[in-house]
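Data block below; observations after.
Chains as they are written, first to last, in the numbering used here: chain A, 2 to 305; chain B, 2 to 305; chain C, 2 to 305; chain D, 2 to 305.
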């Protein structure tokens with residue numbers, strides 16, 4: 002498949018200075034570019050120009066970008082999107098700092114998703130020559146290595162799953178179903194490479210973000226991350242806990258504007274022959290939070 | 002000091018078969034003795050005869066025992082208890098299976114605490130000759146190695162702290178205070194050796210148990226323990242989380258009768274020169290659950 | 002790319018009963034099929050029929066198999082292999098228990114590599130409906146979840162790298178180089194999906210196996226694996242340690258016939274846009290064993 | 002018992018600047034005092050004035066100090082030392098920066114051991130009021146929290162064990178024996194509180210240091226410590242590995258002058274009723290390095 006992974010997320014924040022403190026000091030990202038009320042941030046293990054863009058004013062998801070293998074694949078993706086009956090338009094180098102030409106797609110769920118292959122490489126903090134496993138003098142706070150996935154909400158999960166499968170070549174790893182009909186789909190966790198999921202969505206309002214996630218080393222890194230969230234007064238939604246869905250370890254928390262973040266560890270390896278897992282609604286709480294088997298209302302209702 | 006550690010806890014359980022399933026299959030203790038509606042259980046790394054006794058009928062703490070260094074020290078403890086104005090009586094070998102002569106004390110909080118030095122040794126599961134770090138073929142479920150401490154409730158924490166200090170030689174490691182007066186003590190975490198705490202108590206009804214705890218290897222063992230609790234449908238109160246008080250890792254959960262258990266990992270080392278830590282009420286939630294800084298009402302109100 | 006991952010390894014073992022004890026009791030694989038001096042084994046998190054085949058008599062690698070996305074892709078792979086000038090032949094369903102039609106390739110390094118898409122699915126031990134993160138009653142010993150990669154030796158690493166790139170679509174994640182010429186390549190770690198490596202090879206005799214590896218949950222699982230190796234008298238080559246190359250955690254050890262196994266944890270995520278890392282010979286020891294920066298001679302010289 | 006724990010270690014270092022870099026930047030200790038070619042260092046979780054003193058010139062142990070419960074207990078210890086036939090002398094406040102009056106004992110193994118109760122408290126980096134579990138802005142490098150024990154060598158282990166037991170009130174947790182006679186004792190790991198060991202000694206030259214150890218949080222902290230040792234080019238002796246003796250996790254390494262340090266995690270809890278464990282010589286390697294069951298000659302022979 003030509004879509005490789007989540008490349009960047011743009012989120013609105015009410016107060017840019019507070020947001021920078023969160024993403025730079027607590028999470029440990031580095032600001033690589035700043036212009037017109039936007040701050041572009043990169044994690045230490047990411048090669049590409051940036052992965053998070055903070056846009057001053059309001060709260061919530063502006064758009065996200067998925068990186069594809071080559072400019073050539075954009076054309077095929079464009080055709081498939083059109084064949085599905087969804088809207089897309091070409092975007093040009095320079096519309097996003099560091100990002101080349103691409104395709105801007107409006108999802109059936111009203112989210113804006115950008116596809117691109119061309120991106121300026123700033124390099125990781127350990128480099129490509131005899132690298133250390135992590136940067137001796139370049140970590141700050143949690144020190145997140147890279148972003149991993151996003152979970153959005155949609156009024157029609159079945160439609161969005163078809164779109165990601167047919168137009169973008171994703172496959173479902175795990176599906177939460179309310180009954181036997183395709184329309185009974187409550188949520189889907191889909192991958193484009195070997196991640197347990199690169200995009201996920203659950204039933205909810207169109208156009209909204211539930212969270213975007215950083216992957217961190219392991220369960221022990223989650224404890225340290227939780228310690229730092231407490232020290233920096235970051236509100237936690239839930240975790241540390243084990244997910245049933247994906248098996249990953251997790252902490253959900255909020256940036257100062259109320260956008261939900263996740264630090265995520267572990268999870269299994271998928272691939273083209275992965276057989277999807279089904280969760281039924283009576284076990285949904287165990288799917289979300291395997292450890293506690295309870296979900297608080299904030300987790301279900303707060304989206305931005 | 003002559004008191005060494007928490008040796009055993011007797012708890013009432015409504016259904017002995019269900020309770021055995023919890024303590025034997027999920028926690029991994031072994032039944033070593035059974036008589037008259039009582040089951041005596043031992044963890045794999047405990048030398049002594051038993052550490053938990055299940056008594057059929059009802060729910061809640063019956064009594065607990067602390068082991069002292071020698072029979073000789075019982076006399077001095079008896080005098081100190083009397084000097085404090087508390088009640089005690091001698092107990093005889095055979096009143097508790099495997100336990101020798103001792104002293105039965107009624108705490109100012111109406112709990113029954115037994116002190117004893119003489120106990121039959123059944124040995125750990127790894128033995129004393131070229132032992133492995135854990136028993137290759139002797140673990141079951143969580144495989145708790147040993148019990149560690151108990152937390153009880155009392156109408157008068159300041160009085161109980163004086164009793165444990167003056168009569169039993171404990172020292173406070175951490176104290177939760179509501180103001181500047183001694184009477185403003187809300188809770189105290191006290192040690193007799195080098196544990197962060199061997200006994201703790203918080204304000205609440207006299208005679209009640211908040212929880213008793215098992216120590217496990219580390220934060221990673223907590224994840225696995227949480228997985229098993231989910232698989233075995235054990236209700237979790239809170240955790241995995243970091244305690245502010247003691248720095249330990251924790252999961253609180255309930256046995257089938259509703260008695261609260263804890264698995265606890267880590268924590269610092271105390272000792273006779275340890276300077277107590279003070280927690281103020283505005284930071285109490287961080288003290289209990291450093292990670293989340295929230296305490297649910299069940300945690301505060303459910304005691305047995 | 003159409004090659005997905007390492008699917009199976011066939012190794013010769015001098016004593017089948019001893020070997021089964023190692024792979025079943027210590028590693029925790031399950032025998033799923035047995036015929037004609039061969040035992041087929043599966044790990045608990047693998048869907049497909051088997052991943053390790055023990056063949057009685059001798060020692061060393063017989064052949065290995067990589068799974069491809071579809072039968073259709075075999076044709077293209079066949080052409081590319083031929084275009085490269087290497088030998089291949091069609092293999093038929095039934096030649097390997099549980100495996101369908103495929104392509105048998107003789108590598109430029111004289112190893113036999115089979116490619117196949119069709120394989121009987123026996124399913125994982127947690128199933129596909131509301132699964133637990135690991136099987137409550139189905140683990141044994143280390144409980145390896147799945148195999149991950151193999152490292153082989155070749156007289157001409159540069160040639161073999163070209164073959165895996167041109168004929169099979171792999172890319173190098175990390176390369177150990179002795180100088181500036183392509184022919185100075187000492188070793189290459191190559192991936193076909195998003196693993197840090199799915200195949201690796203270093204300079205050495207043609208046709209030999211250095212090790213094949215299982216992935217396990219994390220660094221803490223490595224400690225427990227090491228404990229079990231000691232308890233079961235499994236010889237350890239080196240580890241627990243951190244690899245510089247891949248960043249993974251590792252223990253290398255030997256089966257009773259002297260075939261080297263690895264348990265491997267962590268490592269980063271690659272993909273089609275991953276820029277290869279270069280290691281120079283002066284830092285080779287740090288690349289292999291980042292923690293100790295020393296390599297013992299056994300590690301370099303023992304191959305089977 | 003009145004001896005509480007290892008309080009400080011004085012070691013000679015050939016180059017003070019290099020040594021400071023090791024103990025301050027890699028291990029993360031803070032220099033608290035400097036005078037006359039001596040640097041006094043403290044770990045972040047230690048209350049007392051210092052725990053390591055670097056003395057410029059040469060290499061090896063100068064002396065170590067154990068903290069006792071009170072000045073009053075020094076008198077009894079003095080008598081016991083004399084009764085054993087060993088030499089001691091009073092030391093005065095000011096002879097060691099921050100340390101009060103004490104007793105300087107010459108061990109039967111020619112080591113100098115100081116006993117003291119009075120010491121200036123500089124406090125931990127998290128303080129005693131609503132403390133965080135670790136200092137948000139006060140860690141550097143490995144960030145060792147505190148020292149834990151020392152292992153020395155002696156020509157007569159049986160004699161030294163009697164001395165620590167009879168004169169200082171220590172008890173053996175684990176004993177390595179060569180035969181059935183007391184004189185066949187090869188090594189002893191002894192505790193004064195609830196540590197698995199506070200002092201240990203093995204057969205070797207009198208007056209020498211094998212290593213002194215820092216305790217760190219857990220097995221995951223060992224991986225990170227090992228990463229930092231590699232990044233800072235610290236020579237590792239062995240580890241990460243599991244000890245059979247004490248069950249602890251370990252890495253042994255050297256400071257720039259060749260003094261051996263250890264980072265140590267975990268281990269069980271001892272106490273006055275702990276029954277000693279016996280290791281026989283055929284299992285000695287497993288006792289030292291449970292994971293590998295091999296000991297390199299450096300580990301046995303290098304002492305300073």
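Every residue gets a Cβ at the ideal spot worked out from N, C-alpha and C, and that includes glycine.
What residue does the alpha helix (DSSP H) around residue i start on, and which one ends it?
i, result
"residue 1 of chain D", "There is simply no residue 1 of chain D to check, as chain D begins at 2 and stops at 305 in what is shown."
"residue 65 of chain A", "Taken as a continuous stretch (DSSP letters only), residue 65 of chain A belongs to no alpha helix (DSSP H), being part of the beta strand (DSSP E) at 61-69."
"residue 301 of chain B", "298-302"
DSSP three-state call for residue i: helix, strand or coil?
i, result
"residue 268 of chain B", "coil"
"residue 309 of chain D", "The structure shown does not extend to residue 309 of chain D, since chain D is modelled only from 2 to 305, so the question has no answer here."
"residue 23 of chain B", "helix"
"residue 238 of chain A", "strand"
"residue 190 of chain D", "strand"
"residue 229 of chain D", "helix"
"residue 158 of chain C", "helix"
"residue 126 of chain B", "coil"
"residue 166 of chain D", "helix"
"residue 273 of chain A", "coil"
"residue 110 of chain B", "coil"
"residue 49 of chain C", "strand"
"residue 89 of chain C", "strand"
"residue 214 of chain A", "strand"
"residue 17 of chain C", "helix"
"residue 222 of chain A", "helix"
"residue 209 of chain B", "strand"
In the DSSP assignment, find the unbroken beta strand (DSSP E) run with residue i in it and report its ends.
i, result
"residue 277 of chain D", "Per DSSP, residue 277 of chain D belongs to no beta strand (DSSP E) and is neither H nor E."
"residue 6 of chain C", "4-14"
"residue 252 of chain D", "250-255"
"residue 286 of chain A", "Careful: residue 286 of chain A lies outside any beta strand (DSSP E), inside the alpha helix (DSSP H) at 285-289."
"residue 200 of chain B", "200-204"
"residue 174 of chain D", "172-178"
Under 8 angstroms by Cβ, that's how I've got residue i and residue j pegged, so tell me the actual separation to the nearest angstrom.
i, j, result
"residue 75 of chain B", "residue 118 of chain B", "7 angstroms"
"residue 34 of chain C", "residue 51 of chain C", "7 angstroms"
"residue 109 of chain D", "residue 157 of chain D", "7 angstroms"
"residue 145 of chain D", "residue 29 of chain D", "6 angstroms"
"residue 153 of chain B", "residue 68 of chain B", "Not quite, the Cβ-Cβ distance comes to about 18 angstroms (not below 8 angstroms), so this is no contact."
"residue 171 of chain C", "residue 192 of chain C", "6 angstroms"
Run through chain B and tell me which residues come within less than 9 angstroms of residue i, C-beta to C-beta.
i, result
"residue 46 of chain C", "Correct list: empty, because the minimum Cβ distance to chain B is about 14 angstroms."
"residue 129 of chain D", "276, 277, 278 and 279"
Is any heavy atom of the ligand SAM found at a distance shorter than 7 angstroms from the C-beta of residue i?
i, result
"residue 101 of chain D", "Of the ligands one can find in the structure shown there are none, so the ligand SAM has no counterpart to examine."
Counting only Cβ pairs nearer than 9 angstroms, list the residues of chain C close to residue i.
i, result
"residue 292 of chain D", "224, 227, 228, 230, 231, 237, 240, 241 and 252"
Quick one: which chain A residues come within Cβ less than 7 angstroms of residue i?
i, result
"residue 6 of chain C", "272"
Please list the partners that residue i has in chain B, where partner means a Cβ-to-Cβ separation under 8 angstroms.
i, result
"residue 245 of chain D", "131, 132, 133 and 134"
Applying a beta-carbon distance threshold of less than 8 angstroms, which residues of chain C neighbour residue i?
i, result
"residue 154 of chain A", "Under the 8 angstroms cutoff, chain C gives no residues; its nearest Cβ is about 23 angstroms from residue 154 of chain A."
Where the segment 249-265 of chain C meets chain D: residues whose CB sits under 9 angstroms from a CB there: 250 and 252
Residues in the segment 228-240 of chain B having any Cβ partner in chain D nearer than 9 angstroms: none
Members of the segment 263-289 of chain A near chain B, C-beta cut-off 9 angstroms: 287
Under 8 angstroms (Cβ pairs) to chain A, residues found in the segment 133-152 of chain D: 133, 134, 135 and 137
Contact list for the segment 210-228 of chain A against chain C, Cβ threshold 9 angstroms: 216, 218, 219, 220 and 221
Within 9 angstroms of chain F by C-beta, residues of the segment 184-199 of chain B in sequence order: Included in the structure are the protein chains A, B, C and D, with no chain F among them.
Contacting positions in the segment 51-68 of chain C - beta carbon closer than 9 angstroms to chain A: 68
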